[in-house]
Amino acid sequence: MIVTLHAICSTIALILILSFFISTVVVELLGDPTSIQAVKQYIVYGIGALVPAMAAAGFSGNKLSGKSKASIVQEKKKRMKRIMILGIAVLIPSAVALHLLAQSGSIGTLFYSLQLVELVAGGTNIYLLGQNMRAGLILSGRISKKARQA
8 MIVTLHAICS TIALILILSF FISTVVVELL GDPTSIQAVK QYIVYGIGAL
58 VPAMAAAGFS GNKLSGKSKA SIVQEKKKRM KRIMILGIAV LIPSAVALHL
108 LAQSGSIGTL FYSLQLVELV AGGTNIYLLG QNMRAGLILS GRISKKARQA
C-alpha cells in the first residue's frame with residue numbers, strides 16, 4: 008500500500024509541476040495579459056494540490072527507505088531536501104508574487120525577472136524529481152540492468 012501511495016503522490020507532484028512549467032512557457036510565448044493572469048491564478052490554486060502530494064510522497068518515501076544506508080536511497084533523500092528548499096524558498100513565494108503582479112496588471116520587468124527565476128527553479132525541480140523517479144524505478148526493479156547503466 009505504501010509503495011502505491013508513494014508512486015501515485017510522486018507522479019501527481021511531477022505532473023503538476025510539469026503542467027505549471029509548460030503552461031507558463033506557453034502563455035508567456037503566445038498569451039495575452041488576461042491569459043497570463045489566468046495561468047498564474049491556476050498555478051496558485053494548484054499549489055493547494057501540490058503541497059499535500061509532495062508531503063505524502065516525502066512521508067511515504069521516508070517510510071519506504073527506513074534506515075537504509077544504500078547510496079541510491081541517500082541520493083534520493085538529498086535531492087528531496089533540495090526540492091523542498093527550492094519549493095518553499097523560491098517556487099511558492101514566486102508563484103504567489105507573480106499571481107499578485109499579474110492580477111494588478113504589473114506585467115513588466117519585475118514580473119519577467121521573477122518569472123525567469125521561477126522557471127530556472129522549476130526546471131531544476133523537474134530534473135531532480137525525474138532523477139528521483141528513475142532511482143525509485145531502479146529500487147523497485149522496474150528498470151532493467153541495461154537501463155541502470157545509462
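Reading the sequence shown from the start, the letters are residues 8 to 157 in the working numbering. The C-beta atom is built at its ideal place from N, Cα and C for all residues, glycine as well.
Exercise. Kindly indicate which residue of 58, 79, 8 has the alpha-carbon position closest to the one of residue 19.
Key: On the sequence shown, residue 19 is found 12 positions in, with the first residue counted as 1. Nearest of 58, 79, 8 to residue 19, Cα basis: 58.
Quiz prompt | Reduced DSSP category for residue 129 - H, G, I as helix; E, B as strand; rest coil | solution = Counted from its first residue, the sequence shown places residue 129 at position 122. Three-state DSSP puts residue 129 in a helix.
Practice problem: Identify whether residue 60 lies in helix, strand or coil by the three-state DSSP scheme. | Solution: Against the sequence shown, residue 60 aligns to sequence position 53. Three-state DSSP puts residue 60 in a helix.
Exercise. In the DSSP assignment, find the unbroken alpha helix (DSSP H) run with residue 26 in it and report its ends.
Key: Sequence index remark: in the sequence shown, residue 26 carries index 19 (1-based). Element bounds for residue 26: 9-37.
Quiz item: Quick one, which of 112, 135, 105 has its alpha-carbon nearest residue 122's?
Solution: Residue mapping note: residue 122 aligns to position 115 of the sequence shown, counting from 1. Among 112, 135, 105, the Cα nearest to that of residue 122 belongs to 105.
Quiz item: Is residue 3 helix, strand or coil by DSSP?
Solution: Given a span of 8 to 157 for the chain in the structure shown, any question on residue 3 remains unanswerable.
Exercise. Below 8 Å CB to CB, which residues in the same chain sit around residue 24 once its five sequence neighbours on both sides are set aside?
Key: As a working mapping, residue 24 is identified with position 17 in the sequence shown. Within the same chain, residue 24 has close Cβ partners 57, 129, 132, 133, 136.
Quiz item: Do the region 30-46 and the region 76-91 touch if we need at least three Cβ pairs shorter than 8 Å?
Solution: no
Quiz prompt | Close Cβ partners of residue 112 (< 8 Å) along its chain, the five nearest in sequence each way excluded | solution = Residue numbering aside, residue 112 sits at position 105 when the sequence shown is read from its first letter. Here the set comprises 40.
Quiz prompt | Supposed contact pair residue 99 and residue 54 - C-beta distance, whole angstroms, cut 8 Å | solution = Here residue 54 corresponds to residue number 47 of the sequence shown, with the count starting at 1. Here residue 99 corresponds to residue number 92 of the sequence shown, with the count starting at 1. Contact flag correct, Cβ pair sits at about 6 Å.
Self-check item: Where the alpha helix (DSSP H) through residue 99 begins and ends
Solution: Here the question's residue 99 lines up with position 92 in the sequence shown. First-last of the alpha helix (DSSP H) with residue 99: 99-110.
Quiz item: From residue 91 to residue 66, what does the alpha carbon distance come to, in whole angstroms?
Solution: Position 84 of the sequence shown holds residue 91. Position 59 of the sequence shown holds residue 66. Each residue's alpha carbon lies about 13 Å from the other.
Exercise. State the DSSP-derived secondary structure class of residue 75, mapped to helix, strand or coil.
Key: Counting from one through the sequence shown, the residue named residue 75 turns up at place 68. Coil.
Exercise. Look at the alpha carbon of residue 101 and the alpha carbon of residue 75, and state the distance between them as a whole number of angstroms.
Key: As a working note, residue 101 is residue 94 in the sequence shown. As a working note, residue 75 is residue 68 in the sequence shown. Near 35 Å, if we compare the C-alpha coordinates of residue 75 and residue 101.
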